[in-house]
Amino acid sequence: MSTTVLVTVPTGKVGRRLVPLLARRGVTVRTASRSPLPERAGIVPVRFDWTDESTYETARKGVAAMYLATGPVPRPEYAGYIRALLDGAGVEQVVLLSTYGVDQAPPENPLRQIELAVESSGVPYTILRPPAFMQNFSEGLRWDESLVKGIRERDEIAHPGGDGVVSYVSTEDIAAVAAAALTEDGHGYEAYAPMGPEPLTLTQVAEHISWVAGRRIRYVEIDRTPMRDALLAAGAPPETAEANSRLHFHAFSSGVMGVLNDDVLDVTGRPPVSFAEFAVGAAAAWRRY
Ligand SMILES: NC(=O)c1ccc[n+]([C@@H]2O[C@H](COP(=O)([O-])OP(=O)(O)OC[C@H]3O[C@@H](n4cnc5c(N)ncnc54)[C@H](OP(=O)(O)O)[C@@H]3O)[C@@H](O)[C@H]2O)c1
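Each position in the sequence shown, counted from 1, maps to that position plus 15 in the numbering used here.
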């Protein structure tokens with residue numbers, strides 16, 4: 016019988032790329048989502064909702080490792096959900112998708128609370144702290160499609176950031192790091208920050224997208240208000256929407272996410288995908304039909 020790995024949020028931008036990578040490694044993948052996905056060879060779907068603890072036992076029973084992602088809307092309750100899922104689960108390895116810089120946040124920060132819930136669980140863990148995803152420009156955020164729609168419909172990237180740089184990373188690379196950490200030895204009690212290969216301003220991002228879209232896409236600087244309002248509309252508590260939109264603004268405008276490292280190369284054996292390579296594969300998202 017093959018090992019079973021649980022993948023939460025298998026419909027997310029990382030999760031949907033992780034599932035086939037795990038299947039190729041010969042493990043049985045249990046996909047845990049709010050609407051169970053269709054069954055396929057080696058992939059066993061179960062119904063799972065972070066907000067409904069009655070769905071946890073079916074999801075965790077008998078799995079050797081877990082990939083944990085919390086969905087796009089930050090909520091303080093997630094630390095408690097993670098503790099409840101891991102309590103008594105008997106898994107050998109957990110991989111958590113977190114966010115760049117969360118290790119520097121104070122312990123009361125909801126995103127740091129999630130990390131602390133994993134770190135104090137007694138289960139060997141790997142924490143992934145990527146910066147912003149390249150796929151935000153092509154697939155949007157579940158709670159807010161404005162970025163990809165703005166490019167497709169108005170030829171503009173409207174986003175906070177100004178001249179700040181970010182080493183945008185492809186979710187393919189994050190999924191590859193996660194697949195290795197879930198199935199290979201040597202990743203317990205480690206943290207990785209999978210970064211893309213080059214720090215880019217949003218004007219440079221717009222140039223890459225213009226090139227494959229075949230028309231000029233321009234960068235338009237905005238403040239943090241639209242993000243705060245989108246988070247509120249998606250159900251985030253007001254103080255979380257306020258704090259996260261401030262953090263988001265700082266993260267994009269300060270250059271703090273513009274660092275480089277070898278984490279993708281070291282873990283996967285290949286360098287990270289460049290924005291130009293990503294853009295060629297994502298061109299359909301920006302086409303006007
Ligand atoms: N986007 C970025 O640039 C970025 C950067 C660093 C870290 N992250 C982290 O990556 C994670 C995903 O962020 P994302 O914005 O890119 O979103 P995403 O991967 O598009 O994920 C959205 C998914 O969340 C699932 N979901 C929502 N509520 C759920 C619930 N109650 N129970 C189970 N699943 C639920 C949805 O599944 P269904 O609708 O199919 O049920 C949907 O597939 C977040 O934790 C975020 O902090 C994101």
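Using N, Cα and C, we set each Cβ at its ideal position, and we do this for glycine too. Bear in mind that the values here come from a model prediction, so they are computed numbers and not experimental data.
- Counting only residues of its own chain and dropping the five nearest sequence neighbours on each side, residue 223 has a CB closer than 6 angstroms to the CB of 290, 291 and 294.
- Look at residue 108 here: in three-state DSSP terms it is strand.
- Relative to ligand 1, the nearest heavy atom lies less than 6 angstroms away from the CB of residue 48.
- For residue 96, the closest C-alpha among the options 243, 129 and 104 is that of 129.
- The Cβ atoms of residue 209 and residue 192 sit closer than 7 angstroms to each other.
- Ligand 1 never approaches residue 216 closely enough for any of its heavy atoms to be under 6 angstroms from the residue's Cβ.
- Put simply, the backbone Cα of residue 25 is about 21 angstroms away from that of residue 132.
- Runs of the beta strand (DSSP E) spanning 3 or more residues and lying entirely within the segment 25-75 occur at 43-48 and 58-62, in chain order.
- With a cutoff of 7 angstroms on beta-carbon distance, residue 239 and residue 256 are scored as not near each other.
- By the C-beta density criterion, residue 73 is exposed, having fewer than 16 other C-beta atoms within 10 angstroms.
- The criterion of a C-beta distance shorter than 7 angstroms is not satisfied by residue 171 and residue 109.
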